[in-house]
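One structure is given here, and the rest of the page talks about it.
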Amino acid sequence: MEDKKKLIYDAAKDLFSSKGFKDTNISDIAKKTGMAVGTFYNYYGSKEKLFMDIFLEENAKLKKSCLQSLDMSQSPLTVVQQMMALNTEGIMANPILKEWYNKGVSAKIEQLFREEKGMQAADFMYDSFLEIVRQWQAEGRMRSDIDSKMIMMIFAAITSVDTHKEEIGLDYFPQLLECMTELIMKGLTDCP
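The numbering of the sequence shown is numbering that gives the first Met the number 0, which starts it at 0 and goes up by one.
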């Protein structure tokens, strides 16, 4: 059973990468695996749910790669800016992650993300970054009068803005996120 699920997952990942979310349908995935369309539904409830699983795995890989590439000797602001730049670069290089910025697809992905995954989807990074925040606080490079978990919630709020990019406007969004992050980081690193 797991072999069939993996076969569907791998076929869909390949098709989503080459054709995009919108131009890939369940019958394409079934055809690529040599299975019936009905078999698809034994493993995934919808194309959107399968795409979300693939998207979240690709996103987790990217975030882990970004964390490993950071120069932690830099200031907290520089580290966070590096993280954002590496993340943006990685998204633009990955056709599956790039779908997050496709107007026709992002609304469906965001709705499913909120309904099914919410903040648990970002948990893979929480513990690693919480330790970094605590280290910065211990070194006096970040405010220690704010609880480290509250700082993580501030970071979560920054990343949640991403789900409102359409309302903000894609023309302004990347620069707004950079400016907002810089202002927040300056506030967090202005140690009393």
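Beta carbons: idealized from backbone N, C-alpha and C, even for Gly.
What you are looking at is a predicted structure, and each value in this text was computed from that prediction instead of being measured.
Can you list, in chain order, the residues of its chain whose CB lies under 8 Å from that of residue i, leaving out five sequence neighbours each side?
| i | result |
| --- | --- |
| Ala35 | Ala29 |
| Gly89 | Leu61, Ser64, Cys65, Leu96 |
Taking the straight line between their C-alpha atoms, what separation do you get for residue i and residue j?
| i | j | result |
| --- | --- | --- |
| Ser68 | Leu6 | 31 Å |
| Ile167 | Asp70 | 31 Å |
| Glu56 | Lys21 | 19 Å |
| Asp13 | Asp161 | 26 Å |
| Lys60 | Gly37 | 30 Å |
| Ala156 | Met179 | 11 Å |
If you run the structure through DSSP and keep just helix, strand and coil, what is residue i?
| i | result |
| --- | --- |
| Met82 | helix |
| Asn101 | coil |
| Glu138 | coil |
| Ala120 | Residue placement at Ala120 cannot be trusted, given a pLDDT of 49 that sits under 50; what the coordinates show is reported in the next sentence. In the structure shown, Ala120 sits in a helix (DSSP, three-state: H, G or I). |
| Phe218 | A question about residue 218 goes unanswered here, because the residues of the chain that appear run from 0 up to 191. |
Taking residue i as the reference, which of the options has the closest Cα?
| i | options | result |
| --- | --- | --- |
| Asn86 | Glu98, Lys48, Ser72, Lys63 | Lys63 |
| Gly33 | Ala10, Ile153, Gln174, Val79 | Ala10 |
| Asn24 | Pro173, Lys46, Ser17 | Lys46 |
| Gln136 | Asn58, Ser74, Glu1 | Ser74 |
Leaving out five residues before and five after residue i in sequence, what residues of the same chain have Cβ atoms less than 7 Å from its Cβ?
| i | result |
| --- | --- |
| Met91 | Lys97 |
| Tyr42 | Lys3, Lys4, Ile7 |
| Leu175 | Ile167 |
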